[in-house]
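Have a look at the structure below, then the notes.
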Amino acid sequence: MPELPEVETTVRGLRPVLDGQRIAALEARRPDLRRALPADLRQRMTGSRVTAIRRRAKYGLIDTDRGDTMIFHLGMSGHWRIDPAELGAHDHLVIDTEAGRRVALNDARRFGSVDAMRTDDVEAWPAIAALGPEPLEPAFDAGALAAAVAGRRAPIKAMLMDQRIVAGLGNIYVCEALNLARISPVRVAGRISDVRLERLVAAVRSVLERAIAAGGSTLRDFKAPDGTLGLFPKDYRVYGREGQSCPCGGTVKRRVDAGRSTFYCGRCQR
DNA sequence: CCGACAACCTGACGGC
DNA sequence: TGCCGTCAGGTTGTCG
C-alpha cells in the first residue's frame with residue numbers, strides 16, 4: 031500500500047476536486063473490496079457537500095456537511111483516478127460532483143476498504159481507536175516510543191510495522207528509517223538505548239517528510255491522483271536494492287521477516 | 001506475548 | 001509467444 035506518504039499525497043490530490051463540492055452521484059460498482067461496502071453508502075453520501083478531506087495513518091477520511099464520513103484504505107494497490115477518460119475493470123467506486131468532476135477508486139487487488147460512519151464516531155471506530163501516534167506529530171517522540179516498546183523482545187522492525195506502536199509506516203519506510211538511523215531491523219526493540227531511539231524518531235520523520243515532498247513512491251500500482259508519479263524511489267537507500275551499495279559503502283542485504291522482505295545494511299546498521 | 005504463516009486478489013516480471 | 005513460479009506498498013486471523 032500506499033504507506034503514509036502516499037495516502038497524504040492522495041488526500042492532497044483529492045482536495046482540489048472534492049473539497050467544498052456537492053456530491054451529485056456515488057456509484058459502487060461492486061459490493062465489496064476487502065470486505066463489504068456499507069449498504070447505505072450511496073444514500074449517505076449523495077447530495078452531501080464535502081467539508082474536509084483528511085488523513086489518519088493510512089486511512090483517508092472524507093467528511094460531509096451531513097455529519098457523515100467516508101473512510102477509505104488503499105490496501106496494497108489502491109489509488110484514486112481523477113477525471114478518468116473511461117472507467118476500467120478495477121474502478122470500484124465512482125464519485126461525481128455537481129461541478130462535473132469525477133474521481134474513481136481503483137484497486138486491482140481489492141485489499142483496500144471503504145467504510146462510512148458518523149463523523150463524531152470516527153475516532154472511536156476500533157480500527158482508528160487502536161492506532162498509535164501520528165509519526166509526524168509531536169506526540170511521537172523518543173519517550174513515547176521507549177514507553178511503547180518497553181519490555182518488548184520483538185525486533186524493532188516488527189514494532190515499527192505495528193500500527194498500534196506508530197501509525198502509518200509500512201515495509202518501505204520502516205526499512206529506510208532503520209537504515210538512516212543505523213539500527214539493525216532485528217535488534218530487540220525493548221533494549222535499544224534512548225539515544226538510538228531518538229535517532230530513530232528523527233529518521234522516521236525525515237524519511238516521511240522527504241517522501242511526502244517528493245509526492246510519495248511509485249511502485250507497481252501507486253500513482254498520485256493527478257497522474258503524476260511519486261519521485262521518492264530514486265532516493266531509496268536500501269529498499270529494493272539488494273546487492274547494491276548502501277550510502278555508507280556497505281552492501282545492501284535482503285532477508286525475510288514475517289513473510290516480508292527486509293532490506294538493510296549489515297555494515298552500518300547495528 | 002511472540003512470530004510464523006495463510007488468506008484475501010490481480011498484475012508484472014523473469015526464466016524456460 | 002506462452003506458461004509457470006515468484007513477488008509486490010497491508011491487514012487480519014489462526015496456530016504453536
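Residue numbers (the working numbering): 31 to 300.
For every residue, glycine included, the Cβ atom is placed at its ideal position computed from N, Cα and C.
Only a predicted model underlies this, so the values are computations on that prediction, with no experimental measurement involved.
Exposure of residue i, with buried meaning 16 or more beta-carbon neighbours within 10 Å
i      : result
LYS88  : buried
VAL286 : exposed
ARG250 : With a pLDDT of 40 at ARG250, under the threshold of 50, the predicted position of this residue should be treated as unreliable, though the coordinate-derived value follows. ARG250 is exposed by the Cβ-count criterion.
ASP145 : buried
ILE195 : buried
CYS295 : buried
CYS278 : exposed
GLY289 : exposed
GLY257 : Only weak support exists for where GLY257 lies, its pLDDT of 49 falling under 50; the value from the coordinates is given anyway. Exposed: under 16 other Cβ atoms inside 10 Å.
PRO61  : exposed
PHE252 : Residue placement at PHE252 is flagged as unreliable, the pLDDT there being 48, under the threshold of 50; a coordinate-derived value is accordingly withheld.
GLU33  : buried
Residue interval of the beta strand (DSSP E) (run including residue i)
i      : result
CYS205 : From DSSP, CYS205 is part of no beta strand (DSSP E) but of the alpha helix (DSSP H) over 201 to 211.
LYS283 : 282 to 287
VAL310 : The chain is shown only over 31 to 300; residue 310 falls outside these bounds and no answer can be derived.
ARG132 : 132 to 137
ALA55  : 53 to 58
MET12  : Any property of residue 12 remains undetermined from this structure, which presents the chain solely from 31 to 300.
Residue i - containing alpha helix (DSSP H), residue span
i      : result
GLU239 : 224 to 243
ILE158 : 156 to 159
VAL179 : 172 to 179
ARG183 : From DSSP, ARG183 is part of no alpha helix (DSSP H); its letter is neither H nor E.
LEU67  : Premise fails: LEU67 is in no alpha helix (DSSP H) and is neither H nor E.
Beta-carbon proximity check, residue i vs residue j, cutoff 8 Å
i      : j      : result
THR292 : LYS187 : yes
GLN299 : SER214 : yes
THR40  : LEU123 : no
LEU56  : VAL152 : no
GLY77  : PHE102 : no
ASP70  : THR81  : no
VAL47  : ARG85  : no
ARG59  : ASP121 : yes
Option nearest residue i by Cα separation, candidates the options
i      : options                           : result
GLU272 : LYS283, PHE262, PRO263 and TYR266 : LYS283
LEU161 : THR127, GLU116, ALA232 and ASP192 : ASP192
ASP126 : PHE170, TRP155, ALA119 and ARG79  : ARG79
LEU190 : SER107, ASN201 and ARG267         : ASN201
PRO68  : ARG52, ASP98, ALA211 and ARG45    : ASP98
GLY43  : GLY118, GLY198 and ILE242         : ILE242
ARG72  : ARG65, ILE83 and ALA54            : ALA54
Three-pair Cβ contact test at 8 Å for the region 214 to 222 versus the region 162 to 181: Three or more Cβ pairs drawn from the region 214 to 222 and the region 162 to 181 lie within less than 8 Å of each other, which places the two stretches in contact.
contact_flag[the region 158 to 166, the region 126 to 134] where n(CB pairs < 8 Å) is 3 or more: Output reads no: the region 126 to 134 does not touch the region 158 to 166.
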